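Input: a single structure, listed below in structure tokens.
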Amino acid sequence: KNEVEQSPQNLTAQEGEFITINCSYSVGISALHWLQQHPGGGIVSLFMLSSGKKKHGRLIATINIQEKHSSLHITASHPRDSAVYICAVRSRTGNQFYFGTGTSLTVIP
Amino acid sequence: DSGVTQTPKHLITATGQRVTLRCSPRSGDLSVYWYQQSLDQGLQFLIQYYNGEERAKGNILERFSAQQFPDLHSELNLSSLELGDSALYFCASSVEWGGGETQYFGPGTRLLVL
């Protein structure tokens, strides 16, 4: 069983659409990270959350600790948002990271 | 450009060999993380160093070792290489701020074991 589950696995959207990617986890955590991996392989850290909600530009990330669930929203999606989005959690002890398998997003012009 | 550098970019070697991957963190970042990304296992956390000391240990094999030097650069040593060690190895450095941290990833080293 994976400690971190993401859905959907693949997502295709039209430019301008509102996008939601979901992440559920089964372990106690100290923090949750959302990462973006570009087609060339480079990884960018988008958010680190331990509670509540964060916003950066068109990206919004929320976390519900009680439900062990997080969502990443992209408003007004653009082709340059096409990437793999990965959810990762750091264990409560801080000794381990668990990664989701990623959501591959394609935004069509 | 994240400011984190990794060398080499690509490495091709044979089974049984030993290689060293190098990571230079962003100026001022005290923490360095190492991750492995393979096609079958996805991203895995290997190890974290903070200011020269090991802080957290993940799925790092006994054949692998790492260290962080006084100038804060880090090296990941992989020995007795097997075909399954072929992967992309990322390092990341981080800065901690009130209540959290931001990790900055290097471009990765692509290792191919033949």
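Heads up: the protein sequence lines correspond to chains A and B, in order. Position 55 (the first sequence) corresponds to 59 in my numbering; numbering is contiguous. Position 16 (the second sequence) corresponds to 18 in my numbering; numbering is contiguous. We treat Cβ as the ideally placed atom computed from N, Cα and C, and that holds for glycine. Predicted model only: the values in this text are computed from it and were never measured.
### Task
Can you tell me the Cβ-Cβ gap for T107(A) and V88(A), rounded? I've got them flagged as a contact below 8 Å.
For the purposes of this step, residue 107(A) is taken as residue 103 along the first sequence, with counting starting at 1. For the purposes of this step, residue 88(A) is taken as residue 84 along the first sequence, with counting starting at 1. That pair is a contact at about 7 Å.
### Task
Would you give the residue range spanned by the beta strand (DSSP E) that Q39(B) belongs to?
Residue numbering aside, residue 39(B) sits at position 37 when the second sequence is read from its first letter. Q39(B) -> beta strand (DSSP E) spans 33-40.
### Task
Could you tell me which residues DSSP pairs with E98(B) in its beta bridges?
Taking the second sequence and counting its residues from 1, the one referred to as residue 98(B) is at position 96. E103(B), per the DSSP bridge assignment.
### For E9(A) and D31(B), the rounded distance between their alpha carbons
Position 29 of the second sequence, counted from the start, is the residue given in the question as residue 31(B). Position 5 of the first sequence, counted from the start, is the residue given in the question as residue 9(A). About 31 Å.
### Query
Who are the Cβ neighbours of K57(A) in its own chain at under 6 Å, not counting the five residues just before and after it?
Walking along the first sequence from the start, residue 57(A) turns up at place 53. Within the same chain, K57(A) has close Cβ partners T66.
### Message
Need the endpoints of the beta strand (DSSP E) that N68(A) sits in, please.
### Response
Within the first sequence, numbered from 1, the residue matching residue 68(A) stands at position 64. It spans 63-68 - the beta strand (DSSP E) in which N68(A) sits, taken as one unbroken run.
### Task
Determine the chain A residues that contact T104(B) at a beta-carbon separation under 7 Å, and present them in chain order.
Translated into the one-based positions of the second sequence, residue 104(B) becomes position 102. Here the neighbours are S49, M52.
### Query
Measuring CB to CB, does L85(B) end up less than 8 Å from F66(B)?
Position 83 of the second sequence holds residue 85(B). Position 64 of the second sequence holds residue 66(B). Not closer than 8 Å, so no.
#### Entry: Where D87(B) falls, given that 16 or more other Cβ within 10 Å makes a residue buried
Numbered from 1 along the second sequence, position 85 holds the residue referred to as residue 87(B). Per the 10 Å Cβ criterion, buried.
### Distance between N14(A) and Q50(B) (C-alpha atoms, nearest Å)
The count along the second sequence starts at 1 and reaches residue 50(B) at position 48. The count along the first sequence starts at 1 and reaches residue 14(A) at position 10. The straight-line gap from Cα to Cα measures roughly 31 Å.
### Task
Pull up the DSSP beta-bridge partners for E64(B), would you.
Counting from 1 along the second sequence, the entry for residue 64(B) is found at position 62. None; E64(B) has no bridge partner.
### Task
Consult DSSP for G56(A) and reduce its assignment to one of helix, strand or coil.
Locating residue 56(A) in the first sequence gives position 52, counting from the first residue. Looking at G56(A) - three-state DSSP - the assignment turns out to be strand.
#### Entry: Proximal chain A residues relative to P109(B), where beta-carbon distance stays under 8 Å
For the purposes of this step, residue 109(B) is taken as the residue at position 107 of the second sequence. Under the 8 Å cutoff, chain A gives G45, G46.
### Query
If we cut at 8 Å on Cβ distances, does G60(B) have a partner in chain A?
Numbered from 1 along the second sequence, position 58 holds the residue referred to as residue 60(B). So yes, G60(B) belongs to the interface.
### Task
Examine chain A for any beta-carbon lying closer than 8 Å to the beta-carbon of G54(B), and answer yes or no.
Counted from its first residue, the second sequence places residue 54(B) at position 52. By this cut-off, G54(B) is not an interface position.
### Query
Beta-carbon of Q3(A) versus every beta-carbon of chain B: anything under 8 Å?
Because chain A spans 5 through 113 in this model, residue 3(A) falls outside it and cannot be assessed.
### Query
Taking all protein chains shown into account, do 16 or more other C-beta atoms lie within 10 angstroms of the C-beta of F71(B), making it buried, or fewer, making it exposed?
As a position in the second sequence, residue 71(B) is number 69, starting the count at 1. By the neighbour-count rule (16 or more Cβ atoms within 10 Å), F71(B) is not buried but exposed.
### Task
Spatial neighbours of S165(B) within its chain, please: CB distance less than 6 Å, with the 5 preceding and 5 following residues excluded, ordered by chain position.
With chain B covering only 3 through 116, there is no way to say anything about residue 165(B).
### Query
Closer than 7 Å, Cβ to any Cβ of chain B: which residues of the segment 60-76 of chain A, in chain order?
Within the segment 60-76 of chain A, no residue places its CB atom closer than 7 Å to a CB of chain B.
### Query
Residues in its own chain within less than 7 Å of S28(A) by CB, not counting five upstream and five downstream?
Within the first sequence, numbered from 1, the residue matching residue 28(A) stands at position 24. The residues are E9, K72, H73.
### Query
Relative to the C-alpha of T105(A), which residue among G108(B), E103(B), Q46(B), Y52(B) is closest?
Against the first sequence, residue 105(A) aligns to sequence position 101. Of G108(B), E103(B), Q46(B), Y52(B), the residue nearest in Cα terms is Q46(B).
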